[in-house]
Amino acid sequence: GGLAAAAMLLLGSLHFILGIVGGLLVYAVAVLLLRVLHADDWALLRRLIEAMPGGGLVARWLPG
Numbered sequence: 001g002g003l004a005a006a007a008m009l010l011l012g013s014l015h016f017i018l019g020i021v022g023g024l025l026v027y028a029v030a031v032l033l034l035r036v037l038h039a040d041d042w043a044l045l046r047r048l049i050e051a052m053p054g055g056g057l058v059a060r061w062l063p064g
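Per this note's numbering, the sequence shown starts with residue 1, numbered consecutively.
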């Protein structure tokens, strides 16, 4: 969380959209690398994403 906040502050000083996107990417990479989500969490996310329009294209890249 702190690393994402630092990225948001640093990149946000350049442009607010860079701060938002950069913080989101840092947070997402941390979730993937630290393996915070278990298999049942990924299954729930997959079903949720597949229910959205165009979600099938995104869901195929999810782990599990």
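C-beta atoms are modelled at their ideal positions from N, C-alpha and C, and glycine is treated no differently.
query: Taking M8 as part of the alpha helix (DSSP H), name the residues at either end of that continuous run.; result: G2 to G12
query: Could you give the DSSP three-state label for V21: helix, strand or coil?; result: helix
query: Tell me whether G54, by its Cβ, gets closer than 8 Å to a heavy atom of the ligand HEM.; result: Judged by which ligands are present, the structure shown has none, so any question about the ligand HEM falls away.
query: For the alpha helix (DSSP H) that R47 lies in, which residues bound it at each end?; result: A39 to E50
query: With burial defined as no fewer than 16 other Cβ atoms inside 10 Å of the residue's Cβ, what is the status of M8: buried or exposed?; result: buried
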